[in-house]
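Residue numbers (our numbering): 15 to 420.
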């Protein structure tokens with residue numbers, strides 16, 4: 015039996031998937047010999063079908079939550095290799111940056127490689143398995159895809175973290191004051207990771223202080239799209255403060271980044287204030303979406319998909335009115351069909367792009383036509399193929415919103 019080490023096998027698998035529809039490349043793939051296909055007359059077709067079936071076998075059952083890691087891995091593999099989309103295109107559809115997509119694609123490929131490796135009982139050329147990613151890194155990657163964003167009350171977030179930290183706070187000599195946070199806008203975030211981030215900064219702040227008190231407060235300026243939640247220390251820093259808490263802050267920063275938030279910290283004394291750790295978290299303000307489609311059933315479906323989300327969708331079935339309506343309502347995002355009556359959707363896209371007040375508004379082309387490259391070349395911010403799922407729609411909207419805040 016031909017032997018290959020596990021890392022080399024994954025590299026061969028990636029190469030074959032990248033050139034899945036290139037007969038010459040598949041013919042030269044080492045997978046031919048490894049999977050016992052080299053002598054078959056239909057070897058190229060068989061290898062392609064084997065790889066496509068392997069990807070399809072990873073598709074989760076319908077009752078698996080849409081935000082689960084297994085669904086994310088399946089969509090990445092299907093988009094990147096079955097459909098041969100670019101990393102930018104797949105990341106755009108899933109609401110991921112290219113950097114995030116690359117990390118998750120690597121893990122998805124590892125899952126697929128394991129499945130094929132076990133199925134064909136491949137022999138390893140090395141006695142020991144190569145080291146995998148760190149447990150913490152893998153857990154953080156899972157957390158990013160496992161939790162959906164939701165509308166969260168600021169006071170509820172703070173109270174939940176304080177309830178968990180209560181025993182530690184009771185035993186600490188450092189007092190904690192929590193300023194009132196009523197009347198603030200709700201947040202749009204992944205609750206569980208963000209709560210853990212807040213717990214992390216609480217424990218770090220407690221470790222930083224030798225004596226004194228901490229003040230936890232939430233602040234919001236009218237018109238902002240974020241709320242700042244800070245933990246500020248007053249008193250004296252511990253002698254070990256400079257060497258304490260770096261890993262917990264790194265993890266907290268990554269956890270809040272899942273929701274588009276950020277973390278800053280400062281341990282320099284200013285008067286009696288000696289340290290501050292601040293989370294900046296996005297508000298759950300309603301995002302206006304204009305959907306242009308002359309099919310009333312499609313508009314009703316899009317309304318259902320965006321109900322009880324941060325997106326307020328207005329549908330327009332008359333393409334001739336859409337430009338004037340967009341001028342009047344100034345939507346944050348525009349969804350545009352292509353097969354429209356009376357006016358060509360591509361022409362309408364051009365009008366939006368050239369408009370002096372609407373040209374900066376992202377337009378997502380949503381059509382049954384397989385014209386992704388054409389849509390992007392004409393100035394569309396993203397492309398969605400019909401029929402589409404609620405998950406695909408919300409991921410595309412989230413991606414445009416995140417991009418506009420960078």
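Positions of the beta carbon are idealized from the N, C-alpha and C atoms, including for glycine.
Whole-Å CB distance - residue i paired with residue j, under 8 Å assumed
i           : j           : result
residue 108 : residue 89  : 6 Å
residue 213 : residue 252 : Wrong, their Cβ atoms sit about 19 Å apart, outside the cutoff.
residue 295 : residue 243 : 6 Å
residue 198 : residue 234 : 5 Å
residue 302 : residue 326 : 5 Å
residue 41  : residue 58  : 6 Å
residue 123 : residue 263 : Not really, about 31 Å apart at Cβ, beyond 8 Å.
residue 110 : residue 118 : 7 Å
residue 341 : residue 371 : 7 Å
Straight-line gap, residue i to residue j (C-alpha atoms, nearest Å)
i           : j           : result
residue 290 : residue 112 : 32 Å
residue 226 : residue 218 : 14 Å
residue 339 : residue 300 : 18 Å
residue 245 : residue 230 : 5 Å
residue 102 : residue 25  : 21 Å
residue 279 : residue 168 : 20 Å
residue 391 : residue 97  : 19 Å
residue 121 : residue 114 : 11 Å
residue 344 : residue 207 : 33 Å
residue 335 : residue 315 : 21 Å
residue 328 : residue 312 : 12 Å
residue 405 : residue 116 : 20 Å
residue 80  : residue 288 : 44 Å
residue 401 : residue 382 : 7 Å
residue 85  : residue 410 : 16 Å
residue 142 : residue 221 : Here the model assigns residue 142 a pLDDT of 40, short of 50, so the residue's position is not dependable, and the following value carries that caveat. When rounded, the distance between both Cα atoms is 41 Å.
residue 65  : residue 29  : 12 Å
residue 353 : residue 386 : 14 Å
residue 43  : residue 71  : 22 Å
residue 240 : residue 51  : 57 Å
residue 22  : residue 135 : 16 Å
residue 238 : residue 292 : 16 Å
residue 74  : residue 38  : 32 Å
residue 132 : residue 36  : 26 Å
residue 54  : residue 47  : 10 Å
CB of residue i within 7 Å of CB of residue j, strictly
i           : j           : result
residue 193 : residue 216 : no
residue 351 : residue 331 : no
residue 195 : residue 232 : yes
residue 270 : residue 211 : yes
residue 209 : residue 255 : no
residue 201 : residue 298 : yes
residue 273 : residue 204 : yes
residue 413 : residue 106 : yes
residue 388 : residue 319 : no
residue 348 : residue 333 : no
residue 45  : residue 62  : no
residue 31  : residue 95  : yes
residue 228 : residue 190 : yes
residue 366 : residue 379 : no
residue 68  : residue 18  : no
Three-way DSSP call (helix, strand, coil) for residue i in this model
i           : result
residue 78  : coil
residue 215 : helix
residue 249 : strand
residue 325 : strand
residue 309 : coil
residue 258 : coil
residue 397 : strand
residue 135 : coil
residue 268 : helix
residue 42  : coil
residue 189 : strand
residue 361 : helix
residue 70  : helix
residue 314 : helix
residue 93  : helix
residue 84  : helix
residue 59  : helix
residue 385 : coil
residue 101 : helix
residue 172 : helix
residue 220 : helix
residue 35  : coil
Residues bridged to residue i (per DSSP)
i           : result
residue 7   : Since the first residue shown for the chain is 15 and the last is 420, residue 7 is missing from the structure and cannot be characterised.
residue 164 : 203
residue 226 : 249
residue 194 : According to DSSP, which records beta bridges pairwise, residue 194 is partnered with nothing at all.
residue 276 : 294
residue 233 : 242
residue 330 : 306
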